[in-house]
Amino acid sequence: TGQSFEDACRASLQRMGRDQLEIAQAHWSASNYAPWQEPALWDGLCRCYEAGLCRAVGASNFGPKQLRKFAQYCKDRNVPLVLNQVQFSLLSTAPLESGLMDVCKELGITVVAYSPLALGALSGKYTLSEDGRQVVPARPGVRLPDGPRALLIRQVLPGAADLIRQLESIAQKRNKTVAQVALNWCVCKGAVPIVGARSSAQVRENLGALGWRLSNPEVQALDRAAALAKKKATQNVFMTN
């Protein structure tokens, strides 16, 4: 229920020793797997704001239609809806193709891009062999990952040769890394990318994506190359229409 959602938020704040969150965010819409829970989810988020437990609310994996409905619901209750966190990268361009980015811009909702490097496929650690058929380390000391991440990279990259070459070319010309170019593309599209980091070196590399912008021709070249990719990253099953 909406009340149980509010109670859970109060309990979390108590455990953290805080009085208020910046944003109370739904990690995904319930409409794809338990649609009867959606009203309680929306009510619960708004209750958190109305009770002063957060400064704003956010969504995640809400497609354009569902986001419009939720935005209107929040507006009717005078609750600020400030972000929508979605899977977005050069290998996951569904938010552009579905019109979600335009809807977010229209409604004043910030797009937060998760997996902006496609689980490492766009990190610059991996490139393609000369014949473009095999994924190989881009530099000495790099090993191909294990598990599902390796499967994704081996499945996706060979069909995205044009994109990888374009990223590497722009990175070389701009004295940036491939990851920095891929992240900057997200920024140029109006998104705020969130990137994982396991070391201070990775943090510094991520920060190198800020403070500059790809040119329009560079963005367009990456758009064209991304469109030619034969296989995209797997979409989150909780993403709604």
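According to my numbering, the residues represented by the sequence shown are 1477 to 1717, in order.
Beta carbons: idealized from backbone N, C-alpha and C, even for Gly.
Model, not experiment: these values are computed from the prediction.
Q: Give the straight-line distance between the Cα atoms of E1606 and L1643, rounded to the nearest whole angstrom.
A: The residue labelled residue 1606 in the question sits at position 130 within the sequence shown. The residue labelled residue 1643 in the question sits at position 167 within the sequence shown. Distance between the alpha carbons of E1606 and L1643 is about 16 Å.
Q | V1668 vs N1682 beta-carbon contact at 7 Å | A | Here the question's residue 1668 lines up with position 192 in the sequence shown. Here the question's residue 1682 lines up with position 206 in the sequence shown. Taking 7 Å as the Cβ cut-off, V1668 and N1682 do not qualify as a contacting pair.
Q) So L1633 packs on Y1602, CB below 8 Å; how close in whole Å? A) Against the sequence shown, residue 1633 aligns to sequence position 157. Against the sequence shown, residue 1602 aligns to sequence position 126. The C-beta separation of L1633 from Y1602 comes to about 6 Å, placing the pair in contact by the 8 Å criterion.
Q) Looking at the structure shown, is S1568 part of a helix, part of a strand, or coil, going by DSSP? A) Along the sequence shown, one-based indexing puts residue 1568 at 92. Reduced to three states, the DSSP call for S1568 is strand.
Q. Hey, would you say A1705 sits closer than 7 Å to L1659, going by beta carbons?
A. Your numbering for residue 1705 matches position 229 in the sequence shown. Your numbering for residue 1659 matches position 183 in the sequence shown. Going by C-beta atoms, A1705 is not nearer than 7 Å to L1659.
Q.
Using 8 Å for Cβ pairs, my map puts C1524 next to C1530. What's the rounded Cβ distance?
A. The residue given as residue 1524 occupies position 48 in the sequence shown. The residue given as residue 1530 occupies position 54 in the sequence shown. About 5 Å; that satisfies the 8 Å criterion.
Q) Nearest to R1641 by alpha carbon, out of A1673, R1700, C1662, A1677? A) Start at 1 with the first residue of the sequence shown, and residue 1641 comes out as number 165. Looking at the Cα atoms, R1700 is the closest of the given residues.
(Q) So within the segment 1597 to 1649, which uninterrupted alpha helix (DSSP H) runs reach at least 4 residues, ignoring any that extend past its ends? (A) Runs of the alpha helix (DSSP H) inside the segment 1597 to 1649: 1623 to 1632.
Q: Can you grab the Cα-Cα spacing for the pair A1637 / G1584, in whole Å?
A: Along the sequence shown, read from residue 1 onward, the residue named residue 1637 stands at position 161. Along the sequence shown, read from residue 1 onward, the residue named residue 1584 stands at position 108. Distance between the alpha carbons of A1637 and G1584 is about 35 Å.
Q | With 16 other Cβ atoms within 10 Å as the buried cut-off, status of G1539 | A | For the purposes of this step, residue 1539 is taken as the residue at position 63 of the sequence shown. Buried: at least 16 other Cβ atoms inside 10 Å.
Q.
Relative to the C-alpha of N1537, which candidate in C1550, A1516, K1551, S1574 has its C-alpha closest?
A. By 1-based counting over the sequence shown, the position of residue 1537 is 61. Residue S1574 is the option with its Cα nearest to N1537.
Q) Does DSSP put Y1525 in a helix, in a strand, or in coil? A) As a first step, residue 1525 is located in the sequence shown; it is residue number 49 there, counting from the start. Helix, per DSSP.
**Q.** DSSP-derived helix/strand/coil call for L1686
**A.** Counting from one through the sequence shown, the residue named residue 1686 turns up at place 210. Of the three classes helix, strand and coil, the one that applies to L1686 here is coil, per DSSP.
**Q.** Residues near A1614 in its chain [Cβ-Cβ closer than 7 Å; skip 5 each side]
**A.** Position 138 of the sequence shown, counted from the first residue, corresponds to residue 1614. These residues qualify, in order along the chain: G1600, K1601, Y1602, T1603.
(Q) I need the DSSP call for V1679, collapsed to helix, strand or coil. (A) By one-based count along the sequence shown, residue 1679 stands at place 203. Looking at V1679 - three-state DSSP - the assignment turns out to be helix.
Q) Does the distance from the C-beta atom of A1506 to that of V1533 stay below 7 Å? A) The residue given as residue 1506 occupies position 30 in the sequence shown. The residue given as residue 1533 occupies position 57 in the sequence shown. It is not a contact, given that the beta carbons lie outside the stated cut-off.
Q) What residue from S1691, P1592, Q1610 has the CA that sits closest to T1710's CA? A) Taking the first residue of the sequence shown as 1, we reach residue 1710 at position 234. If we check each option's Cα against that of T1710, P1592 comes out closest.
(Q) Buried or exposed, going by whether 16 or more other CB atoms sit within 10 Å of the CB of N1560? (A) Within the sequence shown, numbered from 1, the residue matching residue 1560 stands at position 84. N1560 should be labelled buried.
Q | Proximity to M1577 [Cα-Cα], best of Q1696, K1665, H1503 | A | Along the sequence shown, read from residue 1 onward, the residue named residue 1577 stands at position 101. Per the C-alpha coordinates, the member of Q1696, K1665, H1503 positioned closest to M1577 is K1665.
Q. Is S1480 helix, strand or coil when you go by DSSP?
A. For the purposes of this step, residue 1480 is identified with residue 4 of the sequence shown, where counting begins at 1. Helix.
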